[in-house]
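For the sequence shown, the positions run 101 to 394 when our numbering is used.
Read the structure below first, then the notes.
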Amino acid sequence: MNRKVMIACAVTGSADTPSKNPAVPVTPKQIAESAIEAARAGACIVHIHVRDPDTTRPSMDPALYREVVERIRSSDTDVLINLTTGPGGRFVPDENDPLKGGPGTTLKAPHERVRHVLELRPDICSLDMGSMNMARYVFVNAVGHLEVMATAIHDAGVIPELEVFDTGQVLLAKRMIESGHIKPPGLFQICLGIAWGQPATPAAMMYMHDQLPPDCTWFAFGISGQQFPMVAQTVVLGGHVRVGLEDNLYLQRGRLSPSNAALVEKAAKIVELLGDEVATVQEARQMLSWSIRN
């Protein structure tokens, strides 16, 4: 029997990408429609950020999340919804006083970072498992804050997707599973190619994979030109895959992707060429039934 591979689609992200590819959705209506199209193309999970419709910049406005979620839920896809909790973790030291946040800082208390999750009860939400330099800012995820967020997420009946950018973050996630803050065996997302984490290479993915709990469910992705090579690597290693305009703007070298759905379709083709099958939403819910609403 062929293995069933789940495809997740990261629909829009928070980087300055709408100026680089007009297919990146910005408004709640655009984000929801793009997510629905991705689901119809084969994605069983859609990973959602929201943006200020006027500026295109990342937003934490609960009303924007609510509109996106309600639009997706009113569709005929039944796709699993994964809301980000990453916004609220950026710190840019002030040039004159490094104890203060300068322009670009978005630090929020842990309960604020999960407020939309508690209100909307998605199937999944991201939980970034460590602090790190990221581009020109610091992505701050203190252990105490993660414990508060993980407890709130668990109590809401939502699966935390443990995003890991380096091996130390895998070790922290495993410790939080051992301490009871996260339900075992865990849902992991290996994130490769983001500055300054693990690179998007076969060796890095293999090393990250080898640190995971043996029975966990895991996904992986690479950004930019490594998106599809990492899809193939992930399938070969027995994982599930993520694609989407959050991570990569191109369908192939020199050709911008016209949609999230096009990226999902290409990932599905890779899965099938490697001898596996794309999981349906119903099959994905069964594979994640160890944690959903338990």
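Even glycine gets a Cβ: it sits at the ideal position worked out from N, Cα and C.
All values derive from a computational prediction rather than experimental measurement.
Which residue marks the beginning of the alpha helix (DSSP H) containing residue i, and which one marks its end?
i, result
"G338", "Counting along the chain, G338 falls outside any alpha helix (DSSP H), and DSSP gives it neither H nor E."
"P162", "P162 to R173"
"S134", "P128 to A141"
"W382", "Checking the sequence, you will find Gln at residue 382 rather than Trp. Here the alpha helix (DSSP H) through Q382 covers V381 to M387."
"L218", "R215 to L220"
"A250", "V243 to D255"
"P302", "P302 to Q311"
Should residue i be labelled buried (16 or more other beta-carbon atoms within 10 Å of its own) or exposed?
i, result
"M305", "buried"
"R393", "Confidence is the limiting factor: at R393 the pLDDT is only 47, short of 50, which leaves the residue's position unreliable and the question unanswerable from this model."
"G186", "buried"
"A110", "buried"
"G230", "buried"
"Q333", "buried"
"P314", "exposed"
"A303", "exposed"
"Q326", "buried"
"P358", "exposed"
"E261", "buried"
"S279", "exposed"
"H245", "buried"
"N196", "exposed"
"H281", "buried"
"T206", "buried"
"Q386", "exposed"
Our contact map puts residue i next to residue j with C-beta atoms below 8 Å; I'd like the distance itself, whole angstroms only.
i, j, result
"M232", "G188", "Rounded, the Cβ-Cβ distance is 15 Å, inconsistent with contact."
"E137", "N360", "7 Å"
"V270", "L312", "6 Å"
"P222", "L183", "5 Å"
"H147", "A108", "6 Å"
"L349", "T117", "6 Å"
"N121", "L351", "With 8 Å as the limit, N121 and L351 do not qualify as a contact, their Cβ atoms being about 10 Å apart."
"V179", "V378", "About 13 Å; that fails the 8 Å criterion."
"F319", "Q298", "So it is not a contact: roughly 15 Å between Cβ atoms."
"P210", "V248", "4 Å"
"V371", "V335", "6 Å"
When you compare each of the options to residue i by their alpha carbons, which one comes out closest?
i, options, result
"I145", "P198, P313, I259 and P329", "I259"
"P228", "A379, V214 and E263", "Inspection of the sequence shows that residue 228 is occupied by Asp rather than by Pro. Closest option to D228, Cα to Cα, is E263."
"L164", "E383, R215, L345 and I323", "R215"
"V150", "M330, P162, A362 and A139", "P162"
"D266", "V192, G244, A295 and K366", "A295"
"G204", "E212, S174 and R157", "R157"
"P128", "R103, E170 and N121", "E170"
"P329", "D154, G293 and P153", "G293"
"G375", "L337, T317 and P193", "L337"
"E212", "A135, V238, S174 and A252", "A252"
"R236", "K200, F191 and C225", "F191"
Contact criterion: CB-CB distance below 9 Å. Does residue i meet it with respect to chain D?
i, result
"C225", "Protein chain content of the structure displayed is limited to a single chain, and chain D is not contained in it."
Taking the continuous beta strand (DSSP E) assigned at residue i, which residues delimit it?
i, result
"N182", "L180 to L183"
"N233", "M232 to M234"
"L351", "Y350 to Q352"
"D228", "I224 to D228"
"V238", "Y237 to F239"
With DSSP as the reference, please indicate the residues paired to residue i in a beta bridge.
i, result
"G297", "Paired residues: none, contrary to the question."
"A110", "H147"
"Q427", "There is no way to answer for residue 427, as the model of the chain reaches only from 101 to 394."
"F328", "In the DSSP output, where bridge partners are listed per residue, F328 has none listed."
"E377", "K104"
"S359", "Beta-bridge pairing links S359 to no other residue."
"P193", "G201"
"V343", "C109"
"P158", "R151"
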